[in-house]
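Numbering (UniProt numbering), first residue to last: 1 to 69.
Here it is, written out as structure tokens:
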């Protein structure tokens, strides 16, 4: 019975701490966008050097054409 006098306040403090951590996470934006990072890995970003290399290869393949055509 004496252990309950210690365990109940400890449990209440732990629950209060868990609730505080949850609200802190919500306020700091931890749950704002859950799907974005998961889907962003699927899309490659174009590297400017890669695009320049493709444009240069196209120019060498078609020397008479301009870029707008």
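Ideal placement from N, C-alpha and C gives every residue a C-beta, glycine not left out.
For clarity, every value in this text was computed on a predicted model and none was experimentally measured.
Backbone CA spacing between residue i and residue j [nearest angstrom]
i          : j          : result
residue 38 : residue 5  : 46 Å
residue 16 : residue 40 : 35 Å
residue 7  : residue 31 : 32 Å
residue 44 : residue 27 : 31 Å
residue 20 : residue 57 : 58 Å
residue 9  : residue 35 : 38 Å
Assigned secondary structure, residue i (DSSP; H/G/I helix, E/B strand, else coil)
i          : result
residue 2  : coil
residue 41 : coil
residue 35 : coil
residue 56 : helix
Any non-hydrogen atom of the ligand ZN within 7 Å of residue i CB
i         : result
residue 7 : Absent from the structure shown: the ligand ZN. Ligands present: none.
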